[in-house]
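Each remark here refers to the structure printed beneath this line.
Residue numbers (UniProt numbering): 1 to 890.
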């Protein structure tokens, strides 16, 4: 019966599996990716193989669970869990307990006429594409031994065949079934004859192959049994884990309740401490108010004395500021006057330089005209000499010698002329270079003057800005002091009124006491008078101290003003010194340029004198030579006159022609030189004219800039003076108003005080007369009252000291309690954190794959809430500790 029931269960499980495989077909074929379809086919083949699922009911149930889960995922269209990768070799692992979420749907009906005897055709179609890739992993490497090679399809068909035999053998005994699960070698041999395997003809190899197949089947059956035991153990483990989770949840709830109770206790203690702290703060406020009243009474007397000194100091400060501004205005006027004088001096010097340059150019033109006249005289003398030569042509031999001599002389003259021409060109080039150098120097001097002028203007503007900033700072200080004075006056008025009311109240109380206590008499009044006199003396001493302090402050202010004046004077002296240095530099540059021009003019004059001397020497030499030739020709003329007249006439005509040509060339060269000199002179004059115009423009621009600067400075000065005058007038008017008001109030107060003093004096005189009668009784009563008052004072002082000590001790004890509580809280927090971390580390390792997501979230929420509560308690404790420290510091 037991065997029949097991077989029925197997058949039911196989039918369910067949139904799942048939239902999977449309969903697998609808998958878009080929890789996913092949993966599903591999899983289906794995589930169809008995070696993968395992023998027995547990293995088939596990197989059906995998098939159901795969079908559910295919219906949803998303592959998850173990089906995202290819199946692993060996038996299937048992599904975890959390996978039961997918099996909420009802089981479908069974399909008729289907059996797990073979794989479906659509699975084989999907596997045919990837079959050739997997054959190598399923084959055994065959070498010299020619071992058996099996394909996965053969193994699958063989295992199906053995399953059929087991299902059909109903009449076998249990022992036979257990052993019969491992197939005999004969059946294996028959099956191997059917399989397409390459075998030898020998029987030994067939036996070995059948023996190997039997061993494989035994190992597979053992693996199936082991897998069933493993599944049972996993179920037990799941039950134990659920029990442990329940226990831990209960423990966590208990911990929550404990922490909540502790939290309530801590909140109650904190509230109690806050109440105590509030009571202590109230007591401290009362003590502070009493101290502040005493301090305010002392401050009033000091403030009244400081007012008079502040008024005197303000007057001195206003006078000093007015003097400083007047000195500043005078200094600026002097500065502008000095600048204008310096500009006028520079203009006069430039005009002098221009006049000297014009005189030099006129002298050079005069010298050139004189030289031209001398050249003309020399040409006339040369013509006369030619006429004389025509007369002396008849002397042939003398003329030949003269011809040779004249030819040599002409060559020398030509050489000299060339040398003179070269010297002239050299001089012209030197003159042009000198003019260029002068122009560059003049431009550089002008640029330097401009830069210096810009620097001086920038320095002046910076000085003006600094002075303006100082003025603004002084204005701000004055405004701040005015605001402070107004606030002080308001505070003093309020305090005075409060004191007034307080004094009136006290006076009324004292008056009623005097009327009620007429028994006290003269001694009380005398003691009070002595006390008032001592207080007045102390106040007078305080006033003298305050007056001394204010005098020292006034002296310090005077010293600061004197230092400020000195600094202003030093700055003005520095500015004047810098301006003088700049003007001296300008004068030095002008003197340098003047000296250079004088040197150049002197050099030019020296060159002209040298040229004159050379020309004169040449003329004297030519005259001497001409006279010598004349005497020599006259001597020879008489001897060879007739013989050489005819021959020399022809030669003389040729020489005349040559001389005329040479004279024409010489005149042409002289005219060319004159033209060049005239062009050079015209260019130089044009340059000089341009430079003069540039100088005039620069001077006019400077004058305009200086005038504009002067106007701007005067406008700024006027604005500053106006603003200062308005501010000073406002301050004076306000100060006068304040003085008048203070005088009025003081006079009214003095009158009131005089009236009060007169009334008190009358009352004192009447009391003296009345108390003279009752003196003896009053003295006795006064002694008793004084003793009682002193005793009460001592008792109150002792009680106050004791109460202060008790309060201090209570504060120290409470601060110690708070610190101890904080330490306890910190220690408990550390312990709780350690416990939580230990529990988390223990159960995170166990509950990673078994704990549901909802429970994990609940645990995390509880932990985060506990952490937030602990942080809140820490912050609250820190705030209370800060309040206690501030209270202790006070």
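Each residue gets a CB set at the ideal place from its N, CA and C atoms; glycine is no exception.
- Here the alpha carbon of residue 343 sits roughly 14 Å from the alpha carbon of residue 697.
- Three or more pairs of CB atoms, one per stretch, sit closer than 8 Å, so the region 293 to 313 contacts the region 540 to 548.
- If you draw a straight line from the Cα of residue 20 to the Cα of residue 40, it is about 13 Å long.
- Residue burial is scored here from C-beta neighbours: residue 879 has fewer than 16 other C-beta atoms within 10 angstroms and is therefore classed as exposed.
- Assignment of residue 478 by DSSP, reduced to helix, strand and coil, places it in the helix class.
- The region 467 to 474 makes no contact with the region 263 to 277: fewer than 3 CB pairs, one atom from each, lie closer than 8 Å.
- Note that the region 429 to 439 touches the region 593 to 605; at least 3 beta-carbon pairs, one per stretch, sit closer than 8 Å.
- Note on geometry: alpha-carbon atoms of residue 382 and residue 410 lie some 14 Å from one another.
- Between residue 398 and residue 633, the alpha-carbon positions lie close to 6 Å from each other.
- In terms of Cα proximity to residue 275, the closest of 857, 839, 811 and 889 is 811.
- Contact check for residue 619 against residue 387 fails: the beta carbons are separated by 9 Å or more.
- For residue 75, the uninterrupted alpha helix (DSSP H) run begins and ends at 57 to 76, by DSSP.
- If you ignore the 5 residues before and after residue 717, its C-beta comes within less than 7 Å of the C-beta of 329 and 332, all in its own chain and listed in chain order.
- With 16 or more other Cβ atoms inside 10 Å of its own Cβ, residue 66 counts as buried.
- In the displayed model, residue 33 falls within coil according to three-state DSSP, outside both helix and strand.
- Counting the other Cβ atoms within 10 Å of the Cβ of residue 664 gives fewer than 16, which makes it exposed.
- Spatial neighbours of residue 58 in its own chain (CB-CB distance under 6 Å, excluding positions within 5 residues in sequence) are listed in chain order as 228 and 231.
- It is roughly 10 Å from the alpha-carbon of residue 478 to the alpha-carbon of residue 727.
- Spatial neighbours of residue 791 in its own chain (CB-CB distance under 6 Å, excluding positions within 5 residues in sequence) are not present.
- Taking one beta carbon from each stretch, the region 239 to 256 and the region 78 to 89 have fewer than 3 pairs nearer than 8 Å; the two do not touch.
- With 16 or more other Cβ atoms from the protein chains shown falling within 10 Å of its own Cβ, residue 48 counts as buried.
- Using a 10 angstroms sphere on the CB of residue 506, the tally of other CB atoms stays under 16, which defines it as exposed.
- Burial is judged here by how many other beta carbons sit within 10 angstroms of a residue's own beta carbon; residue 591 has fewer than 16 and is exposed.
- Taking C-beta atoms as the reference points, residue 825 and residue 873 count as a pair closer than 9 Å.
- With fewer than 16 other Cβ atoms from the protein chains shown falling within 10 Å of its own Cβ, residue 750 counts as exposed.
- Shown here, residue 774 sits in coil according to DSSP, grouped into three states, outside any helix or strand.
- With contact defined as three or more Cβ pairs closer than 8 Å, the region 25 to 35 and the region 68 to 76 are in contact.
- Annotation: residue 289 to residue 308 spans about 30 Å, alpha carbon to alpha carbon.
- Only buried fits residue 17, as 16 or more other CB atoms lie within 10 angstroms of its CB.
- For residue 455, the closest alpha carbon among the candidates 531, 581 and 836 is that of 581.
- Its chain contains 727 as the residues whose beta carbon lies nearer than 8 Å to that of residue 475, once the 5 sequence neighbours on both sides are disregarded; these appear in chain order.
- Just so you know, the alpha carbons of residue 294 and residue 499 end up roughly 11 Å apart.
- Residue 429 counts as exposed, since fewer than 16 other C-beta atoms from the protein chains shown sit within 10 angstroms of its C-beta.
- Residue 358 counts as exposed, since fewer than 16 other beta carbons sit within 10 angstroms of its beta carbon.
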